[in-house]
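Note sheet for the following structure.
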Amino acid sequence: MPPCASQGEAPLRVMSARQNAEGFLAVLDVAAGRFLEELDYLQEAANGARFEAEMNAVDVVRGIVKIPKVYLEYSSRHAIVQEWVEGRKLTDLQEDFSPESAALKKSVVTKLLNSYMVQFLETGFLHADPHPGNFMIMDDGRLCIMDYGMMTEISGDQRVAFVEYLAHLSAGQYDQTLTDLVALGFVPPELEADPEKRAIVGPVLAQTLEALYSTGGGIDKKVNVLQDQANSRIGEISDKLEELALEYPIQLPPYFVLILRAFGTLEGLGLSVDGEFAIVDECFPYIARRLLADDSPRMQGALKTFLYGKSQRINVQRLEDLTKVWHCSPEYWNLQVPADQFGVKHDYLDLLQ
98 MPPCASQGEA PLRVMSARQN AEGFLAVLDV AAGRFLEELD YLQEAANGAR FEAEMNAVDV
158 VRGIVKIPKV YLEYSSRHAI VQEWVEGRKL TDLQEDFSPE SAALKKSVVT KLLNSYMVQF
218 LETGFLHADP HPGNFMIMDD GRLCIMDYGM MTEISGDQRV AFVEYLAHLS AGQYDQTLTD
278 LVALGFVPPE LEADPEKRAI VGPVLAQTLE ALYSTGGGID KKVNVLQDQA NSRIGEISDK
338 LEELALEYPI QLPPYFVLIL RAFGTLEGLG LSVDGEFAIV DECFPYIARR LLADDSPRMQ
398 GALKTFLYGK SQRINVQRLE DLTKVWHCSP EYWNLQVPAD QFGVKHDYLD LLQ
C-alpha cells in the first residue's frame with residue numbers, strides 16, 4: 098500500500114482490482130469461446146444459414162447483402178466448401194485513392210452500416226469478425242459478408258436499451274445516458290441510485306459523450322476536445338471522480354467487446370472517406386425508423402423523449418431531422434407502422450407527411 102494511502106482507500110483499491118479482474122476474466126471467457134467456435138466449420142455453416150435467413154427477413158437489407166452458399170456435402174467440422182464469389186475486397190478498395198473510388202467507398206460504408214445496424218438492433222445476431230478482408234463489393238453492387246465463425250448474440254432487452262441510448266445521443270440528451278448505461282451493464286445501479294453521486298458523474302459523462310459523439314473526425318481531434326474539457330470544469334471535480342471510479346468502476350460487458358470491434362472497423366472506413374465522419378449521425382436514419390416503427394412502450398417513450406426532451410413542447414429541430422430522414426431515405430420506410438392505443442405514432446407520421 099502506498100505510504101500516502103488512507104486506511105479507507107486501501108479496501109476500495111482492493112475491491113476495484115478484484116472487480117476489474119473479474120471483468121477481464123469474463124471478457125476472456127467470451128473471446129475463448131468464440132475462438133473455439135471458429136474451429137468448427139459445421140457451426141460456421143449453421144451460423145451463415147441463420148444469418149442469411151434473418152437478414153433476408155428485413156426490408157432495409159434484403160437483396161443488398163450476399164452470404165456465400167455452403168456446400169454441406171463437401172464440408173466437415175475441419176473444412177468448409179463455399180460458393181466462389183466475384184468482387185472487390187474491401188482491403189483493395191481501402192488502398193485505392195482515385196476519385197472514382199470515393200463514391201464507391203461511401204456506398205460501401207452506407208451498406209455496411211445498414212447491415213450492422215440491422216444485426217445490432219433488430220436481429221440480435223451479429224457478425225463479429227469485421228476486418229476488411231471479410232467484406233467484398235460485388236459487380237452488381239451487393240455487399241458480400243464472409244466468415245461466420247465468430248458471431249455474438251444481443252438480447253432483446255439489450256437491443257432496446259441501445260436504441261434508447263442512441264436516441265439520447267442523437268438528441269443531445271447526454272444526462273439521460275447514465276440510466277441507459279446501467280441498463281446495458283456498464284455502470285452499477287448503485288451509482289445511479291445515489292443523487293449526490295449522480296450529480297457528480299452525470300455532467301462529466303454528458304460532456305465526454307458530447308465530445309466523442311457530436312464531434313466528427315478522428316480520434317486525435319476528439320482527444321483534443323476532451324483535453325480542453327479536462328482543463329476546465331471537469332478538472333475541478335477530478336478528485337471526486339477518482340473516488341467514485343474506485344468504488345464504482347465502469348466495466349465493459351463481455352458481449353460488448355465484439356460490438357466495439359465491429360463499429361471500430363466501420364468508423365475507420367467512414368473516416369477514410371470523410372474526415373468529419375461521425376458514426377452516430379450516420380446511424381440516425383435507422384434509429385428514426387425504429388422509433389417510428391416499434392410500438393413497444395419503451396420505444397414510444399424513447400420517441401417522446403427524442404421529440405420533446407424535458408419540455409412540454411415539441412422540438413421543431415428534431416421533428417425536422419425526422420422529416421429529412423423520411424423524405425431523403427425512402428428505403429427505410431418500406432414498413433407498416435403499427436397503431437398504438439394513444440395514436441402517438443400516427444400523429445407524428447401525419448406531421449412528417
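Numbering follows the working numbering, in which position 152 of the sequence shown is assigned residue number 249; successive positions increment by one, without gaps.
Positions of the beta carbon are idealized from the N, C-alpha and C atoms, including for glycine.
From a predicted model like this one, the values you see are computed outputs, not experimental measurements.
Fill in: At least 3 beta-carbon pairs within less than 8 Å: the stretch 410-425 vs the stretch 275-295
no
Worksheet item: In the structure shown, what three-state DSSP assignment does ARG415 receive?
Response: Taking the first residue of the sequence shown as 1, we reach residue 415 at position 318. DSSP places ARG415 in helix when its eight states are reduced to three.
Item to complete: Note down the Cα distance separating PHE194 from ALA296, rounded to an integer number of angstroms.
Response: Within the sequence shown, residue 194 is the residue found at index 97, counting from 1. Within the sequence shown, residue 296 is the residue found at index 199, counting from 1. Their Cα atoms are separated by approximately 48 Å.
Item to complete: Give a yes or no on whether 7 Å exceeds the smallest Cβ distance from ILE161 to chain B.
Response: Of the chains in the structure shown, none is chain B; there is only one protein chain.
Discussion item. Using a Cβ-Cβ cutoff of less than 7 Å, which residues in the same chain neighbour GLY159 once the five nearest sequence positions on both sides are dropped?
Written reply: Here residue 159 is taken as the residue at index 62 of the sequence shown, counted from 1. For the record, residue 159 in the displayed sequence is Arg; it is not Gly. Short of 7 Å from the beta carbon of ARG159, and not among the five residues preceding or following it, lie these beta carbons of its own chain, in chain order: ASN153.
Worksheet item: Just checking, does the stretch 395-412 make contact with the stretch 169-177 on the three C-beta pairs under 8 Å criterion?
Response: no
Discussion item. DSSP three-state label for HIS175, please.
Written reply: Stepping through the sequence shown from its first residue, residue 175 is reached at position 78. Note: HIS175 maps to coil in three-state DSSP.
Worksheet item: Looking at C-beta atoms only, is the number of pairs between the stretch 237-249 and the stretch 137-145 that lie closer than 8 Å three or more?
Response: Yes, since at least three Cβ pairs between the stretch 237-249 and the stretch 137-145 fall closer than 8 Å, the two stretches touch.
Worksheet item: Looking at the structure shown, is LEU223 part of a helix, part of a strand, or coil, going by DSSP?
Response: The residue given as residue 223 occupies position 126 in the sequence shown. In this structure, LEU223 counts as strand in the three-state DSSP scheme.
Worksheet item: Taking Cβ positions, are VAL257 and VAL215 nearer each other than 7 Å?
Response: For this step, residue 257 is matched to residue 160 along the sequence shown. For this step, residue 215 is matched to residue 118 along the sequence shown. Not a contact, by the Cβ cut-off of 7 Å.
Worksheet entry | ARG410 classed as buried or exposed, judged by whether at least 16 other C-beta atoms fall within 10 angstroms | Position 313 of the sequence shown holds residue 410. ARG410 comes out exposed.
Discussion item. If the criterion is Cβ atoms closer than 7 Å, does the pair LEU218 and VAL260 meet it?
Written reply: Numbered from 1 along the sequence shown, position 121 holds the residue referred to as residue 218. Numbered from 1 along the sequence shown, position 163 holds the residue referred to as residue 260. A contact, by the Cβ cut-off of 7 Å.
Worksheet item: From ASN412, ILE356, GLY361 and LEU404, pick the residue whose C-alpha is nearest to that of THR249; which is it?
Response: As a position in the sequence shown, residue 249 is number 152, starting the count at 1. The shortest C-alpha separation from THR249 is found at ILE356.
Worksheet item: Roughly how many whole angstroms lie between the Cα atoms of VAL298 and VAL279?
Response: Position 201 of the sequence shown holds residue 298. Position 182 of the sequence shown holds residue 279. For VAL298 and VAL279, the distance between alpha carbons rounds to 13 Å.
Practice prompt. Can you check the stretch 206-281 for any alpha helix (DSSP H) of at least 4 residues that lies completely inside it and give the ranges in chain order?
Written response: 253-267 and 274-280
Worksheet item: Using the beta-carbon count (16 or more within 10 Å), is VAL413 buried or exposed?
Response: Along the sequence shown, read from residue 1 onward, the residue named residue 413 stands at position 316. Exposed, by the Cβ-count rule.
Discussion item. In whole angstroms, give me the CA-to-CA distance for GLU180 and LEU363.
Written reply: In the sequence shown, residue 180 corresponds to position 83, counting from 1. In the sequence shown, residue 363 corresponds to position 266, counting from 1. Taking the straight line joining both Cα atoms gives about 26 Å.
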